[in-house]
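Chains as they are written, first to last, in our numbering: chain A, 1 to 585; chain B, 1 to 330.
Here a beta-carbon is modelled for each residue, glycine too, at the ideal position from N, C-alpha and C.
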């Protein structure tokens, strides 16, 4: 076997030029509905095609269809998938198995679960190699080490015997990539490869994928909802909505003015750090998709509106003062400090943003303030009263004023209860015994979060992510709190819904006089909604500043690195990307 | 692959079935901007079904569950009206022994070695079998769920202590413990019931504890705590309904196994000697299995069908109580 990094391995297929994959008229059918309708696109060798769409757009199903890994109850009523001239849909299962992993490989979103936890990473790479190529155990191991080196795992000869749990999330994703490229596939499908990773690692992983694309002259199908990634790392873009391909365009044209309204809406709704938009100055653009009477979708963009809200004064009455708060988790014999001496203040009507990567302690901070985890040291003075040592009984009246919005709109609502039960239970617990009054409050809250009140008797699974998040917000607001802690409230949502929820949160803040503690790993979101920002790292608060200063003149290197990563991934492409064709052909 | 993408078609399907309500979709177009596929369902499924009715409808549209319910209700009716169906003590010798089924129209299922009516035995035997099965399950389930819920929800030392107690019971072989318990106490329907409950609760407790530990970490439980819900409310209204599916299936299996345990005890002669049960009928017929096999086969069939009916009901209930059922099946 020659070295993995050899452009010589690339020989154009006869006849069809350098067309690698040609999908024509592909539909996928489940029962009576088609989640993918008459989709056509193509990928050339060494090219990166991005498929962009929100959840439910059919982009992941398309990827599975290319691998012929669709769920059993799915059918492909029409269309063809030509890979190097062969229609994959005509292949027998046995032949298809040979294609998977060798010619077409796939990496998944979740690096924590896509590796087998009981086998070493080396064994998992060797397994794939020996499945597709006749290699001795020793040679395969040697190749595995080369591959780990290729994906830039430090010290590959030692790390090869590590188990997945010994690696970080980013490293696991690198191992997944190593497995995917082990047999030098001609096409690599990356389904949301960096969604589960921190921003600083996201950029590294995409850089690696791009480098491998050039070295191995692979076609890369990048499936994502993140327009920032697309604009930086792809050559062409296919935009999908609900199974329809809306348009196909060169990445450079993504921000051009004459785009499809939906594409325009997506580009406007996704906020970027370098644009420095703030909620006091303007609302966010919202994508509107309505269904006309003849069954077609009508796409519309609600452009941002200018406004001039005052920035709340920080020297007003302090609502929340946290001093030297520490939380230690006792895990078996060893204790780990999840929060180390955090201090912050929050004035009435203010929004305090907290940014940090996963494991920085920002969620622990919010749970400690909510008294969902107990703090060992420090004090939490809320409305002039230290609540850090109160018992459950004494906490009860405090909880009414202190509410929380959760990240996962799918996990934060009890699936066995109707929306009415979910929203009325807090009222019952807090002594609103009059049924008429409860109904009144429910109707009011529905109005606040812009949900029609006839949905009250449905179960959570009947709602989409954005609607569920509105229900989650309604649950937090129904007790009319003064402080709402938002723990990554928009991270699990699509771009367009993210904009709607952020607009809603700002409106609610001004109309109901709320204060927010807004936690997110997404710097652009925090920049938009916060009056002041706190940066956390390794269980400590490392920097605090007002919303302008922190982005323009950060004091610590860590904050600078975070900002750089956020700018790196997003933004318009600055220079043309290095192309394979010029070099190899 | 995100799960939402996979679910999308299923959701759309559910929407398609509710086609009748579709016109509302165009009446409120602004709803469509909130993510396409399931937004559509939300609109189309606008007909509100009163809570409780939906579960019943799903349950009774399941042919297996319907069979189970029908068979079990026949059994229950039979046990209630046993004195009317076959008056007199089923242990009385009524006619010549070893009458085969169908030989004498007055005794359609024949008679045993002592000349006792087999039909009367099965009819009266259903009383003890069903009583012991249902009562033992109710008792075992209550104790098991409470212990498991407390252990799983609170964790820490409470969990440690309760798990040790559960383990003490689980290290003893079930049936041996049962035999010992019944042998110590006077064998009667009540003691047999209590003994069966004692040997069967630890399994329920373990299962409940595992479910509670998993669900306790969910966001909606966190949300309930942040809203100031009390422990009892969280345990019984937030967690328990979500832990129910495996518990319901287990309960139906428990009834079945309680009936079997009771039969096994009676078979060994440890049942209440003054009442007839399916187990004791099999026990007394076993020596004659080569010459008069119907003496063991008929009460055996009664047990088989009752247990089967209970299992079918359990499956049906599990589906019906799951609000997402209609999506998952498609």
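Problem - N- and C-terminal bounds of the alpha helix (DSSP H) containing residue 250 (chain B) - result: On the second chain, position 250 is the one that residue 250 (chain B) refers to. It spans 240 to 267 - the alpha helix (DSSP H) in which residue 250 (chain B) sits, taken as one unbroken run.
Problem - Top-ranked residue by Cα proximity to residue 487 (chain A), from A:204, A:506, A:355 and A:463 - result: Position 487 of the first chain, counted from the start, is the residue given in the question as residue 487 (chain A). Comparing Cα positions, the closest option is A:355.
Handout entry: Any C-beta of chain A under 8 angstroms from that of residue 222 (chain B)
Key = In the second chain, counting from the first residue as 1, residue 222 (chain B) sits at position 222. So yes, residue 222 (chain B) belongs to the interface.
Practice task
Look at residue 327 (chain A) and residue 364 (chain A) and say whether their C-beta atoms are less than 8 angstroms apart.
Solution key: Residue mapping note: residue 327 (chain A) aligns to position 327 of the first chain, counting from 1. Residue mapping note: residue 364 (chain A) aligns to position 364 of the first chain, counting from 1. Yes, they are a contact pair.
Handout entry: Per-residue DSSP class, three states only, for residue 75 (chain B)
Key = Translated into the one-based positions of the second chain, residue 75 (chain B) becomes position 75. Three-state DSSP puts residue 75 (chain B) in a helix.
Exercise for the section: Indicate the three-state DSSP secondary structure (helix, strand or coil) for residue 226 (chain B) in the structure shown. Expected result: The residue labelled residue 226 (chain B) in the question sits at position 226 within the second chain. Three-state result, residue 226 (chain B): helix.
Practice task
Alpha carbon to alpha carbon, how far is residue 151 (chain B) from residue 472 (chain A)? Give it in angstroms, no decimals.
Solution key: Locating residue 472 (chain A) in the first chain gives position 472, counting from the first residue. Locating residue 151 (chain B) in the second chain gives position 151, counting from the first residue. Computed Cα separation, rounded: 29 angstroms.
Handout entry: Per-residue DSSP class, three states only, for residue 113 (chain B)
Key = In the second chain, the residue the question calls residue 113 (chain B) occupies position 113. Here residue 113 (chain B) sits in coil by DSSP.
Problem - Helix, strand or coil at residue 231 (chain B) according to DSSP, with G and I counted as helix - result: Taking the second chain and counting its residues from 1, one reaches residue 231 (chain B) at position 231. Correct three-state label for residue 231 (chain B): helix.
Practice task
Just the C-alpha distance for residue 559 (chain A) and residue 567 (chain A), rounded to the nearest angstrom, thanks.
Solution key: Locating residue 559 (chain A) in the first chain gives position 559, where the first residue counts as 1. Locating residue 567 (chain A) in the first chain gives position 567, where the first residue counts as 1. Whole-angstrom Cα-Cα distance: 12 angstroms.
Handout entry: Interface flag, residue 426 (chain A) vs chain B, CB-CB below 8 angstroms
Key = One-based indexing of the first chain puts residue 426 (chain A) at position 426. So yes, residue 426 (chain A) belongs to the interface.
Practice task
Just the C-alpha distance for residue 206 (chain B) and residue 68 (chain A), rounded to the nearest angstrom, thanks.
Solution key: Here residue 206 (chain B) refers to the residue found at position 206 when the second chain is read from its first residue. Here residue 68 (chain A) refers to the residue found at position 68 when the first chain is read from its first residue. Going from the Cα of residue 206 (chain B) to the Cα of residue 68 (chain A) covers about 41 angstroms.
Problem - Where the alpha helix (DSSP H) containing residue 426 (chain A) begins and where it ends - result: Reading the first chain from its first residue, position 426 is the one you call residue 426 (chain A). From DSSP, the alpha helix (DSSP H) with residue 426 (chain A) extends over 419 to 429.
Exercise for the section: Determine the DSSP secondary structure at residue 153 (chain A), reduced to helix, strand or coil. Expected result: Against the first chain, residue 153 (chain A) aligns to sequence position 153. The answer is coil: DSSP assigns residue 153 (chain A) none of H, G, I, E or B.
Exercise for the section: Kindly give me the distance between the Cβ atoms of residue 246 (chain A) and residue 182 (chain A), rounded to whole angstroms, as I take these residues to be in contact under 8 angstroms. Expected result: What you label residue 246 (chain A) is simply residue 246 of the first chain in a count that begins at 1. What you label residue 182 (chain A) is simply residue 182 of the first chain in a count that begins at 1. About 35 angstroms separates the two Cβ atoms, so there is no contact after all.
Practice task
Would you mind working out which of A:139, A:178 and A:142 sits nearest residue 153 (chain A), comparing C-alpha positions?
Solution key: The count along the first chain starts at 1 and reaches residue 153 (chain A) at position 153. When each option's Cα is compared against that of residue 153 (chain A), the closest is A:178.
Exercise for the section: Name, going along the chain, the residues of the stretch 239 to 270 of chain B whose beta-carbon falls closer than 7 angstroms to a beta-carbon of chain A. Expected result: Residues 241 and 242.
Exercise for the section: Rank A:242, A:285 and A:401 by C-alpha distance to the C-alpha of residue 226 (chain B) and give the top, closest one. Expected result: As a first step, residue 226 (chain B) is located in the second chain; it is residue number 226 there, counting from the start. That would be A:401, whose Cα lies nearest to the Cα of residue 226 (chain B).
Exercise for the section: Under the assumption that residue 107 (chain A) contacts residue 176 (chain A) (Cβ atoms under 8 angstroms), give the Cβ distance between them as a whole number of angstroms. Expected result: Locating residue 107 (chain A) in the first chain gives position 107, counting from the first residue. Locating residue 176 (chain A) in the first chain gives position 176, counting from the first residue. That belief holds up - the Cβ atoms of residue 107 (chain A) and residue 176 (chain A) are roughly 5 angstroms apart, short of 8 angstroms.
Handout entry: Member of A:149, A:243, A:100 and A:51 whose CA lies at the smallest distance from the CA of residue 38 (chain A)
Key = Counted from its first residue, the first chain places residue 38 (chain A) at position 38. Measuring from the Cα of residue 38 (chain A), the nearest candidate turns out to be A:243.
Exercise for the section: Taking only runs that begin and end inside the stretch 433 to 517 of chain A, name each unbroken alpha helix (DSSP H) of 4 or more residues, in chain order. Expected result: 435 to 448, 465 to 477 and 495 to 512
Exercise for the section: Counting only the same chain and skipping the five closest in sequence on each side, list residues whose C-beta sits under 6 angstroms from that of residue 446 (chain A). Expected result: Translated into positions along the first chain, residue 446 (chain A) becomes position 446. Result list for residue 446 (chain A): 453, in chain order.
Exercise for the section: Report yes if the CB atom of residue 521 (chain A) is closer than 8 angstroms to the CB atom of residue 270 (chain A), and no otherwise. Expected result: Mapped onto the first chain, residue 521 (chain A) falls at position 521. Mapped onto the first chain, residue 270 (chain A) falls at position 270. The answer is no: Cβ separation not under 8 angstroms.
Exercise for the section: Return the Cβ separation of residue 196 (chain B) and residue 253 (chain B) in integer angstroms, given the expectation that the two are a contact with Cβ distance under 8 angstroms. Expected result: Taking the first residue of the second chain as 1, we reach residue 196 (chain B) at position 196. Taking the first residue of the second chain as 1, we reach residue 253 (chain B) at position 253. About 13 angstroms separates the beta carbons of residue 196 (chain B) and residue 253 (chain B), which is beyond the 8 angstroms limit, so they are not a contact pair.
Practice task
Would you kindly report the start and end of the unbroken beta strand (DSSP E) that includes residue 299 (chain A)?
Solution key: Within the first chain, residue 299 (chain A) is the residue found at index 299, counting from 1. Here the beta strand (DSSP E) through residue 299 (chain A) covers 297 to 302.
Problem - Stretch-stretch touch, CB-based, cutoff 8 angstroms, three pairs: the stretch 418 to 434 of chain A with the stretch 217 to 233 of chain B - result: yes
Practice task
Can you pull the chain A residues whose beta carbon is under 7 angstroms from the beta carbon of residue 225 (chain B), in chain order?
Solution key: Your numbering for residue 225 (chain B) matches position 225 in the second chain. Those are 372, listed as they occur along chain A.
Exercise for the section: Rounded to whole angstroms, what's the CA-CA distance from residue 25 (chain A) to residue 84 (chain A)? Just pull it up for me. Expected result: On the first chain, position 25 is the one that residue 25 (chain A) refers to. On the first chain, position 84 is the one that residue 84 (chain A) refers to. Computed Cα separation, rounded: 17 angstroms.
Exercise for the section: Taking all protein chains shown into account, decide if residue 168 (chain A) is buried (16 or more other Cβ within 10 angstroms of its Cβ) or exposed. Expected result: Along the first chain, one-based indexing puts residue 168 (chain A) at 168. Its Cβ having fewer than 16 others within 10 Å, residue 168 (chain A) is exposed.
Handout entry: Nearest to residue 213 (chain B) (by Cα), restricted to the options B:304, B:163 and B:259
Key = Walking along the second chain from the start, residue 213 (chain B) turns up at place 213. For the residues B:304, B:163 and B:259, the minimum Cα distance to residue 213 (chain B) belongs to B:163.
Problem - Residue environment, residue 30 (chain A), which counts as buried when at least 16 other CB atoms sit within 10 Å - result: Position 30 of the first chain, counting from 1, holds the residue named residue 30 (chain A). The residue in question, residue 30 (chain A), is buried, as its Cβ has 16 or more Cβ neighbours within 10 Å.
Problem - chain B contact for residue 520 (chain A) (CB, 8 angstroms cutoff) - result: Numbered from its first residue, the first chain carries residue 520 (chain A) at position 520. No - not a single Cβ of chain B is within 8 angstroms of the one on residue 520 (chain A).
Handout entry: Residues that DSSP places opposite residue 329 (chain A) in a beta bridge
Key = The sequence position of residue 329 (chain A) within the first chain is 329, counting from 1. Beta bridge pairing from DSSP links residue 329 (chain A) with A:336.
Exercise for the section: Answer yes or no: do residue 276 (chain B) and residue 91 (chain B) have a C-beta to C-beta separation smaller than 8 angstroms? Expected result: Looking up residue 276 (chain B) in the second chain gives position 276. Looking up residue 91 (chain B) in the second chain gives position 91. Their beta carbons are under 8 angstroms apart, which means residue 276 (chain B) touches residue 91 (chain B) by this criterion.
Handout entry: Element boundaries [beta strand (DSSP E), containing residue 354 (chain A)]
Key = Translated into the one-based positions of the first chain, residue 354 (chain A) becomes position 354. Where residue 354 (chain A) is concerned, the enclosing beta strand (DSSP E) stretches over 351 to 355.
Handout entry: Contact list for residue 401 (chain A) against chain B, beta-carbon separation under 7 angstroms
Key = Along the first chain, one-based indexing puts residue 401 (chain A) at 401. Under the 7 angstroms cutoff, chain B gives no residues; its nearest Cβ is about 11 angstroms from residue 401 (chain A).
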